[in-house]
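The structure appears right after this line, and notes come after that.
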Amino acid sequence: MAVRSNDGSGAPPNGHIGALEHESDSVLLHINVSDEDRGGVGGFVDSWKSVFAGMKITAVRAMGPTKTVQYPHEKYAVSPRWRGALALKGVLGRDEIPIIRDESPVYNAVIRDLYDRERLPPCVGNCPANVDARGQNYYLAEGMTAEAYELVRERNIMPGVLGRICHHPCESACRRNYYDEPMAIRPLHRFAYEEYADVREERVKVFEQTRDQQVAVIGSGPSGLAAAFDLMALGYRVVVYEKERAPGGALFSGVPSYRLPRDVLSTEINGLVDMGLDLRVGIEIGKDVPIDHLLGEFDAVLIAGGLQTSRIIPVPGHDADGVRGALDFLKDANWKGDAGVKGKRVLVIGGGNVAVDVARCALRTGATEVRLACLEGDDEMPCHPWEIEEAVDEGVIAMCSMGPHEVLTTDGVVSGMKMRECLSVFDEMGRFAPNYGEDYAEVECETVVFATGTAPVLHDLVAGSDLVLNERGILPVDGTLFTTVMPNVFACGEVVTGPGSAIGSIATGHEAATSIHRYLSGASLSENRTDRPVPVYENYQPARLDGVEESRKRVKMPMARPEDRRKDFRQVETGFTHLEAVNEAARCLRCQSEVCVGCTFCARTCPDYAIQVQRVDDPGQRAITRYDLDLSKCSFCGLCAEQCPTNALTHTGQYELSFFHRDLMVFDHDEMLRDCGGTRATGADAHTQADAEEAS
Amino acid sequence: MKINELREHLCAQYPDLCPLFSIEFGDGVLLVECGQLLGAASDLRDLGFDRLGMVTAVDRGETFEMVYRLTSRSMSAGIFLKCEVPRDNPVIQSLTSLWPAANWHEREVYDMFGIEFEGHPDMRRILLPPEWEGYPLRKDYEDERIIHRPDYI
Amino acid sequence: MALVDKLGAALDSSGGGIILTTVDSLADWARGKSLWSMPMGTACCAMELIAGSFSKFDFDRHGTFPRPDPRHVDVMIVAGTITRKMAPAVKRIYEQMAEPKWVIAMGNCAVSGGIFYYDSYSVIRGVDEILPVDVYIAGCPPRPESMQDAVFQLREKIATESIAPGKKREVEFSLPMPGAGVRGGDAE
Amino acid sequence: MNASSIDRITSDAGEVDAVTLKITERTKKIATDGTPVDELVVNVGPSHPSTHGVCRVITHVDGEIVTKAEPVIGYLHRGVEKIAENRTYLQVVPLTDRLDYVGSMYTNWAYSRSVERLAGIRVPERAEYLRVITCEMQRMASHMMSLGSTSGDSGATTAFIYSFDIRERVIEFFEDLCGSRLTYNYVRPGGVSMEVPDGWFDDILAWLPIARQSLSELDRLFFGNHIARGRLKGIGVLSAEDAVSWGASGPVARGSGVNWDLRKHDTYSVYPRFDFDVPIGSNGDAYDRARCRLFEVYESMRIIEQAIEQIEPGPIKADGIPRLIAPRPGDAYDHIESARGSLGVYLVSDGSPRPYRMKVRSPAFCNLALLPMLAEGHTLSDLVIVLGSLDPVFGEVDR
Amino acid sequence: MTGYVGGLVFGLSGGMVIALAALFGVWWERKVAGRIQMRLGPTEIGPAGVFQALADTIKLLLKEDITPRQADKKLFRVAPFLVFTPIAMSLVVIPFANGWAPLDTSVGMLFYLAVPAVSVIGILIAGFSSGNTYATLGGIRGAAQMISYELPRTLSVLAIAILAGTLAPVEVMARYEWWWFPVSLLGFIVFFISSVAELNRAPFNIPEADSELVAGYFADYSGIRWAIFMMSEYGGIVATSYFGAAIFLGGSQGIGGVLGVLLIFLKAILLITVIIWVGWTFPRFRSDQLLTLAWKVLTPMALVQIVIVGVIIPWL
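Chains as they are written, first to last, in our numbering: chain G, 1 to 696; chain F, 697 to 849; chain C, 850 to 1037; chain X, 1038 to 1436; chain R, 1437 to 1752.
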């Protein structure tokens, strides 16, 4: 029982403890505040004492210092966080926007710097390869299509390819999400590619070889080509080896042609060859040429071999005839155009993008019934939601929360599959630990395709070198520098990262190129090397679209009808027209730091609805036409400034806000841009009047 | 007190209230018929719920949901007592006989929802002026003096 | 009609221009420097109003101190939300004040209803619906210094007034914009 | 002395609609049994220096003795509960600031707790500590306001100013923390809005001993004073039974000996980790209520010191709170111990990003209902003391 | 005729003295109260804001003079003067300098005690005629208070009268000896407290009671009439302080000339400051506490004082 004195002297008052007992059993401590018997102030002498004690206190205070701040002459220095009147730091005009562009080895530093200063647009920040989508949209809206293509190509070496197959993290981070719908960045890549076809010949620019070092790249997948592109741009001679007959790696063998027409891929790779790339197809390093040979001939070797084989889950019957791996299946479908499933029923195990690709390929190669079984529930499938949607549209039957139990065979040939209900996929710690239920289901089918994981095949490749694989067949690689145990051997792409996205592979290619450049020019690999920033842009909750005018919505990508598209491998999306593309590009908010881009976050967040923002989105006219703050409604709560994605809207320290008329309290666009630098009250001009009086 | 203990306690004392008890967002809820309200409240008070924390209503369209929040000092627990009042005849028993605290709360509910309380000593508007028309917290309340917020899409 | 109004009217009609100007400047000086306030504090802003007359801000330095009696005061500071139920009382108290009288609407609730402008059924959207407001202060709530700033602004407005009814003094004066700098008052 | 001797001053006790500072009607009323009714109706408020806002008390006095005091509230009824139905969950937070404007942090917190319960948000520990620290500082500020106005009501303006001086310092701390003096918008669903500025905790720890000293000075100046004791003791006596059945909470109930503090007895947040006591009165008069507040300020200081000692770096906001919170349908109630008692927020969600219904269980509303009972039989001078000892904040009473 | 002219001149000059005293008193109170409350008080007009009260007065002069509709108009208008006149009259017997008072009468003390008491009529009329419940209650409270404190105040002065053997303040000053102060200390305290109560100053300002009755008996007065109330209050403070300084503190203590004037002035200022100091320190009494103090504490104390003096006198 801690009883403290009420007069600060430390002596306990003579209060009773627990004047009124609480009903509960628990013994709770409390102080009794009544002080009837505290030594009577009721007495005559004591009351006089109390009178003089009080007078002493006031007298002491009167002799002490005053606490007054003499307002107009000296101003109390308000907190730097003080929420005074709002002001804008800048408003987006029609001027050119900053293009994020630099040669590769310093590019990360540029991004890092922009990120640290909160100047990175979310689309650029969320893209693994930091493709300047904002710049692309700007160029397209202003009619500079070729510049747009070349800008995108710098980071995303094959805009035509990625414009079709990318999973576009940029779009999920786009600030338009909150407004209406995100920018169609990926279709605009594709549009830029298509427009570039006309000028490709005349704009081709061969990279000059300015350095005498040479680099070999093993694999012509996206990561290898990205690294090769960067190294060529830096003046190295680059030779790319591809073991298949056609370049492109997984883009060729793993991506069905209904998503990526083969001519696009070849056009893009040919474009690189035109720029000086030495591409040698049909040469498998390790078999045709030993890696030692490369190490002797080239100053550096980059392994970008990708993933070669599928994992098949060892359930009973997995070795039966008719059980296949996804990559083999896709390879067959892509190379031969026939996967051997004509007239058969196909069951695809797995819920990733590869599984969906397999399922849709199976439909196109003549399967009668395609089922997709995955462990996860329908809302947590790892594939992109639009993929499964399109697949279901075409007739794929999705079976969620089902795990493979046994492959049913008849005479060594697959006749069906026994599935088991899956209750949860991950345990509490987030590890993969499927929890199976007691329900079983049997599916009849002739082919089972496992799309449950892929792995690299590197044994032949590394044979004879100092490189060693670990027991799982994986090459140990530094995840940020992309170096291996040999100083002149680097690796990038899915060999390093495991199964991932094309744009993610490209990003590693850029990084590996940076490492190689540093290695070859004798610089430290890690010094001044900035980690790739991973901006956490929250996924903006999609806005309600019922009231949005049609002109503000995202331009719909025209698509083939589902019943048509399941028939063949022609591309599903048919592309933008010129007008659609320019309109779409003009929708870009052109997010810049400390510049209001008219995203209306503030107006939406404001609990008082005191902010009115209007914006024109027309091509060539993109501007903010109105930004009104009704200061008479503003509650100075700070929510708008907190929400402002570009930090353009801030609270100034200004608090002297007296007006003779209510109309003056509506701050327009110009008033919001006023310079408030000097109005924050500071103690700087304080006179020491109070002190002067003290002295007197 | 844990909510399950509370349920056991309640079921042991008043078996007829037991089936009406449910748990929602970690709080006990006792949903009764309006006719039973006074009896149930009185039972709960005898059980130890000695304080009436709050009386309010929710406009559920066809009905008004009356929500009473009772708290018990001895059990350190709270419980919701709920019942549905028809919108076309919004009359319910007053709890002023059990807790004088209900007086102002019920006046407020009357003021905001137009629900009348039988047996209330002083059924007048409390927050709004006496001449006010309508019951503002009803969802269908319309007043030309309200300026509705602009709807940003 | 107060005696002073009669005096003003008489001076105005008899052409006592110089005397009128002198009396005017005296009157405006006295009125401006001695703005006793009726703290019509209803909500949050009332807290800042109270803080304003206490140690740190000390309105009394400018001759402004709060008196709760409407008969004795010159300026009513409406600080806080005015509801439909409260409006008649505010109006009545304003009517009980002796001429000349001014009104300062302190804080956004008194200016326009502020955060309660939309969707509220009971809030008056600005005290200027019921009273003639002379100075509006934005803020939610405004700092006590904003209040002092408003008093300085009101002084500038008072400086344009004449004791002759319906007459304005000609002084060099423009509508001050926010943040225009230091105004009013001499330091001790 | 006794007004009953002057039969001219009789007045109509009925509905007085014109809300005025003064009652002007003086009519002679004859009671049913034929005797003249010698009652004066004094209309206190709605704008009166001692009503702590906009409350009107229609007071019937016999001489100086109050025979009936009927509070009329609703002069600050702003329809917040209706407005909240038209705001998103985040937009409601600034509205809650303006309910209990003497203690904005509490309404922020109670509301945030309800939203968190509804949306299943777990708050990081540092945020809970920051909430406790700010809310205990808010309790200091709020109680200083209450103690100050009690002394102001009884005519000791200087004691008011001394207590406001302590409050002012707290408010400066809040200004440094979140950029506003009164309407903080600091406690949000999922955490708090801002990290503390550098050196903030040190400044508080350095200031607390000074505050203790000036508090004890205030204690001696006002509560030690013979006149003040005479003014407060035995005024507005509330029994423990009445306090419970009338739903009183906070210092009003504790002054009557009801040992009920949510921080201790229905504990929440990180309060179980602190060592503090609950001041309890035994007489239930205005003096005990005021003393409870005074002692609670000391206890708040202890909690702040312990919390600053225990707090550790970490996130201040729960992860993954969407921009538009849209909890699943249902209703939830959560409460905290505010300076005035148990402050609860009842939220009903229909799954949309806007609350379907918000109800604020305001302790001041319940406490104020006691006024007629407590003021009766005392003098008119005591009426303002009783009203002040209930510490109503009309933003919260009327909502 | 000369009597009238003399009276007029005297009245006007008395009014001027009161006005000046009030201006000074108001300013001094605001400064002292400011310092007690750790703030500055008026700073803007004149050095240290000394002319603040002047601006206030000019403003009040120029303000509308409201007579409420429900008021008893004639009584309402005359009441401020009924309060003011007795206070002004009481000044005539105050010895402002050694051996000089405007009216050096042998019953000066009696005059001083009796005449200002008449202002209670004015207060009662003011409160009653306003037609306002607050004012009425204030007037009634004021009357009760002033009547109660009349007795201890008169009794307390009696001690000095016994010691000095005269009722003329000028004579008392001349005969003052230092040991009178300890002997009459009890009486001085009673005199001081009951004077503060007579003046309706805090902590005895229950007729005005800002926080209860808004402004009490002058709640409905505005402009110049209210200024007259305030002037009489501050005039009363000055008169009381001078009187107390002269009677209990020895006034100019027989020192003539400017020095004597200064001496009594300083003593009076001291008393004014203490009045303000006390007023801004304590809470207000409730009416029953007030009467208890008057009848149960102060009156017995005054009687004890008389006994003390009565016991001492034969030993002189």
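Glycine included, every Cβ here is placed at the ideal spot set by N, Cα and C.
At a Cβ-Cβ threshold of 9 Å, G:Gly-160 and G:Thr-267 count as neighbours. For R:Ile-1673, there is no enclosing beta strand (DSSP E); the residue is part of the alpha helix (DSSP H) that begins and ends at 1659-1683. Sequence-ordered contacts of the region 926-954 of chain C with chain F read Arg-933 and Lys-934 [C-beta pairs closer than 8 Å].
Assignment of G:Ile-516 by DSSP, reduced to helix, strand and coil, places it in the helix class. Counting only residues of its own chain and dropping the five nearest sequence neighbours on each side, X:Glu-1413 has a CB closer than 8 Å to the CB of Val-1103, Thr-1104, Lys-1105 and Ala-1106. Contact annotation: in the region 57-79 of chain G, residues whose CB is within less than 9 Å of a CB in chain R are Ile-57, Thr-58, Ala-59, Arg-61, Ala-62, Met-63, Gly-64, Pro-65, Thr-66, Lys-67, Thr-68 and Gln-70.
Sequence-distant Cβ neighbours of C:Met-889 in its own chain, meaning closer than 8 Å and more than five residues away, are Met-925, Ile-926, Val-927, Ala-928, Gly-929, Val-939 and Ile-942. Buried is the label assigned to X:Asp-1314, since at least 16 other Cβ atoms lie within 10 Å of its Cβ. For F:Phe-717, the uninterrupted beta strand (DSSP E) run begins and ends at 717-720, by DSSP.
Looking at the DSSP output, C:Ala-928 sits in a beta bridge with C:Gly-890 and C:Met-955. By the 16-neighbour rule on beta-carbons within 10 angstroms, X:Asp-1256 is buried. Residues of chain X with a Cβ closer than 9 Å to the Cβ of G:Pro-404 do not exist, since the nearest Cβ in that chain sits about 32 Å away. The three-state secondary structure of F:Phe-760, taken from DSSP, is strand. Counting only Cβ-Cβ distances below 8 Å, G:Met-55 has contacts in chain R at Trp-1713, Val-1714 and Thr-1717, in chain order. Counting of Cβ neighbours within 10 angstroms places F:Glu-827 among the exposed residues, the total staying below 16.
In the DSSP assignment, R:Trp-1536 forms a beta bridge with R:Ala-1533.
As computed with DSSP, G:Cys-596 is found in a beta bridge with G:Val-91. Secondary structure note for C:Glu-948: it is in no alpha helix (DSSP H), with a DSSP letter that is neither H nor E. Rounded to whole angstroms, the separation of the alpha carbons of X:Ser-1251 and C:Glu-897 is 22 Å. Within the region 706-756 of chain F, the complete alpha helix (DSSP H) segments of 4 residues or longer fall at 733-743, listed in chain order. By the neighbour-count criterion, in which a residue is buried when 16 or more other Cβ atoms sit within 10 angstroms of its Cβ, X:Gln-1343 is buried. Within chain X, the residues placing a beta-carbon under 8 Å from that of G:Ser-47 are His-1263, ordered along the chain. Under a criterion of Cβ atoms nearer than 9 Å, the residues of chain G adjacent to R:Ile-1472 are, in order, Thr-58, Ala-59, Arg-61 and Ala-62. In terms of Cβ geometry, X:Ser-1084 and X:Val-1094 do not form a close pair [threshold 9 Å]. At a Cβ-Cβ threshold of 9 Å, X:Ile-1340 and X:Val-1169 count as neighbours.
With a cutoff of 9 Å on beta-carbon distance, F:Ile-811 and F:Met-762 are scored as near each other.
Residue contact check for C:Asp-923 against chain R: a CB pair falls below 9 Å.
Taking 9 Å as the CB threshold, X:Gly-1321 stays off the interface with chain F. Judged by beta-carbon spacing, G:Ile-313 lies beyond the 9 Å limit of G:Phe-229, meaning their Cβ atoms are not closer than that value. Assignment of F:Cys-779 by DSSP, reduced to helix, strand and coil, places it in the strand class. DSSP places G:Phe-450 within a strand segment (E or B) once states are collapsed to three.
Linking G:Ile-291 to X:Gly-1227 through their CA atoms gives a straight-line distance of about 56 Å. A residue is called buried when at least 16 other Cβ atoms come within 10 angstroms of its Cβ; X:Arg-1377 meets this threshold and is buried. For G:Leu-467, there is no enclosing alpha helix (DSSP H), as DSSP gives it neither H nor E. For X:Ala-1106, the enclosing beta strand (DSSP E) covers residues 1102-1109. Taking a cut-off of 8 Å on C-beta distances, the region 1147-1164 of chain X touches the region 1342-1356 of chain X, as three or more cross pairs fall below it.
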